[in-house]
Amino acid sequence: MLATPLLGTAPAAADNGPVTVTTPAYQLRVATDRLTVTTVRAGRTVLATAPAAFRFRIGSDWHIVREVTGSTRTGNSLRVTAATDLPGVTVDLRITLRSDRYDMNWSLSGARADALSTAYDLGSAGHWYGQGENSDQTVQPWPLDSGQLVDTGFSPASYQVVSPFWYTSRATGLRADTNDPMDVRINSGGNGLGEFTVTGDRPAASTVFVEDTPAEVYRDHIALVGKPARSDTPYEQYATPLWNSWAQLYGEQTQENVLAWARALAGAGLGGHAVQVEESVIASDFGERFPDLPGLSRQLGALGFDLGMWTGLYMPETAANFSEAVDNGYLLKNPADPSKPCLFTWWNGRQTGLIDLANPAARQWYTDDLKAQTSELGVAGFKFDTAFFDDRCAPYPGATRADYVKYGTELADEFDQQGAGLRVAWNAAQAKGFATRTADKPTTFAGLRAAVSATLAVSTIGYPFVETDMIGGSLSYPPPTKQVLARWAQAASLMPLMYASTSPTGVRDATTGEWVGYDRETVDLYRQAIKTHERLAPYIWDQVQSTLKTGDPIMRPLFFDFPKDEASYTVRARRTEARRRHHPGHLPADRNVA
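Per this note's numbering, the very first residue in the sequence shown carries number 4; after that it's consecutive.
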């Protein structure tokens with residue numbers, strides 16, 4: 004139901020006592036001895052701020068909001084003022100009531116804050132979901148309150164696929180209306196709190212949804228951010244795997260190794276629509292390692308694969324065209340000295356800059372390079388990696404962090420992403436309909452569990468065309484065991500897209516240099532998983548079309564469809580230690596999940 008103002012719900016009034024406001028769907032209770040807000044539906048608390056819920060930071064010092072000093076109700080609006088522990092500084096909180104939600108924002112009077120923090124009692128709302136990926140990508144609690152999450156760099160520039168949206172098992176939802184960096188903590192240290200801190204001097208603005216079911220809360224969110232207008236990924240890329248060379252080859256990316264890997268895949272009947280090389284043509288030694296990229300493209304084509312290449316805006320000092328980028332001002336600037344590029348240490352230890360997409364000349368330069376690869380080198384598509392902005396750098400004059408998401412998605416939309424999609428989110432990319440791959444995971448069963456939970460989390464913040472990290476995991480861990488690789492392939496076969504790397508025909512252990520072989524059954528199980536996915540492709544495509552109409556996720560928790568099934572709100576491992584002792588993980592061919 005569309006949110007409509009509740010005009011005339013209460014006469015104008017001034018009140019210094021406890022405040023209760025009732026709408027047809029819910030009730031708000033504002034305590035006055037210490038400012039707190041409780042949401043009640045059908046006589047049951049469905050969301051409540053914690054004691055000492057409202058805090059603010061000025062400089063390095065945190066301060067608390069204390070008792071309510073006054074309130075005024077006019078129509079569908081409630082205004083509350085409260086004292087703080089700083090003389091002369093007060094809080095102004097405003098709530099606008101609507102039929103299935105309320106908007107809440109608060110700010111300081113008498114001082115300028117550097118951060119505003121609102122804390123909720125997690126238990127008041129049941130279980131918590133949403134947000135997207137955990138900043139610690141090795142674990143992904145489901146529900147969120149079953150673990151502990153701390154993300155101090157939660158923003159449109161996050162590497163993680165995130166959105167400032169959370170929903171609960173009691174059918175409430177929280178949406179932070181900001182493009183500024185946040186500090187988000189869910190059950191940090193086991194404290195039972197959801198702490199949402201907005202940095203900057205703007206008011207802390209949010210919307211709280213109050214609905215009958217979690218699925219309705221999700222739909223409220225999608226109505227604001229937009230459902231996919233189309234699927235950027237065509238049917239053929241849903242139907243067969245995308246193979247990426249990263250976890251197979253890591254630092255041994257050469258033309259010879261890529262071709263040998265692809266030939267082994269094709270020879271084992273492990274097909275796919277593309278092979279993506281996890282390397283950039285701007286690497287200083289790329290020509291030595293890939294002396295004939297057009298030739299590689301032709302050879303892969305003969306095996307049934309298109310050629311794809313890695314690309315990203317991150318430009319290390321060792322890149323062949325780094326000096327050109329610096330000399331022309333194509334990189335993001337140093338916030339302390341705008342005459343210099345913003346350089347930082349990348350994951351591989353190299354000093355790195357980031358191409359500034361808000362600079363029209365830089366964007367054209369980067370786009371022209373990608374187009375040259377497709378027209379001259381036989382490259383059919385790209386894996387766009389990492390983010391489009393970095394919070395350590397200064398944005399282009401007049402540009403915001405959210406603008407960089409917009410510019411990045413517009414640029415990527417000009418090229419075939421081959422089912423790898425994008426890892427950008429916030430509130431600007433849902434409508435684009437890109438595929439979304441979740442972040443790297445360990446090569447273990449714990450990694451598989453985190454991958455499945457992360458895919459489910461991303462799917463239910465508005466990115467329905469999802470795939471896990473490379474089947475079997477990556478993160479420069481030792482290769483997965485047979486059991487992990489087979490189970491991961493089977494799990495991925497039931498998801499919208501399959502994103503693969505580690506070959507069941509064998510892989511070199513990047514940590515030891517030793518060759519790790521798998522037996523014939525591993526190859527058979529993997530091949531069966533691919534065939535399962537191919538058989539499901541028409542059904543998956545039907546679900547894609549349904550999502551384009553409704554916005555509902557393809558991968559979704561059971562409670563979206565069965566909200567009264569309490570057991571569906573959590574996931575518990577059923578495998579016991581006794582079963583581990585008697586069944587050490589062997590996967591008989593007639594018992595695989597296919």
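All C-beta atoms, glycine included, are put in the ideal place defined by N, C-alpha and C.
| Item | Value |
| --- | --- |
| C-alpha gap between Q151 and A122, whole angstroms | 15 Å |
| Distance CB(L299)-CB(V278) smaller than 7 Å | no |
| Cβ-based burial, G450 [other Cβ within 10 Å; buried from 16] | buried |
| Contacts around N337, its chain only, beta-carbon distance under 8 Å, and the 5 residues preceding and following it disregarded | K343, P344, C345, L346, C396 and A397 |
| Exposure label - P21; buried when at least 16 CB within 10 Å | exposed |
| C-alpha gap between D288 and G195, whole angstroms | 51 Å |
| Buried versus exposed call for D406 [16 or more other C-beta atoms within 10 Å across all chains shown] | buried |
| G384 - DSSP class collapsed to helix/strand/coil | strand |
| Integer-rounded CB distance, given that L296 should sit under 8 Å from A265 | In fact, because the Cβ distance is near 14 Å, the residues do not count as touching under 8 Å. |
| Through-space distance from G315 to Y502, alpha-carbon basis | 19 Å |
| Boundaries of the beta strand (DSSP E) in which T109 is found, first to last residue | Checking the displayed sequence, the identity of residue 109 turns out to be Trp instead of Thr. From DSSP, the beta strand (DSSP E) with W109 extends over R104 to S112. |
| L561 burial status per 10 Å Cβ neighbour count (16 or more: buried) | exposed |
| Inter-residue spacing [alpha-carbon to alpha-carbon] between P499 and Y399 | 37 Å |
| Close beta carbons around F57, own chain, < 7 Å, minus the five adjacent residues each side | L38, V68, V94, W109 and T121 |
| Beta-carbon proximity list for V43, same chain, < 6 Å, skipping 5 on both sides | Q30 |
| Beta strand (DSSP E) segment containing N247, residue limits | L245 to N247 |
| Coarse secondary structure for T72, derived from DSSP in three states | strand |
| Helix, strand or coil at E198 [DSSP, three-state] | strand |
| Straight-line Cα distance separating G270 from G156 | 45 Å |
| Spatially closest choice to Y221 from T535, Y521, A460 and S496, by CA coordinates | A460 |
| D64 - DSSP class collapsed to helix/strand/coil | strand |
| Alpha-carbon to alpha-carbon, V49 and V83 | 21 Å |
| Sequence ranges, alpha helix (DSSP H) only - wholly within the region 184–240, length at least 4 | 217–228 |
| DSSP beta-bridge partners of W600 | Since the first and last residues shown for the chain are 4 and 597, residue 600 lies out of range. |
| Residue range of the beta strand (DSSP E) that includes Y170 | V165 to T171 |
| Backbone CA spacing between G133 and W544 [nearest angstrom] | 25 Å |
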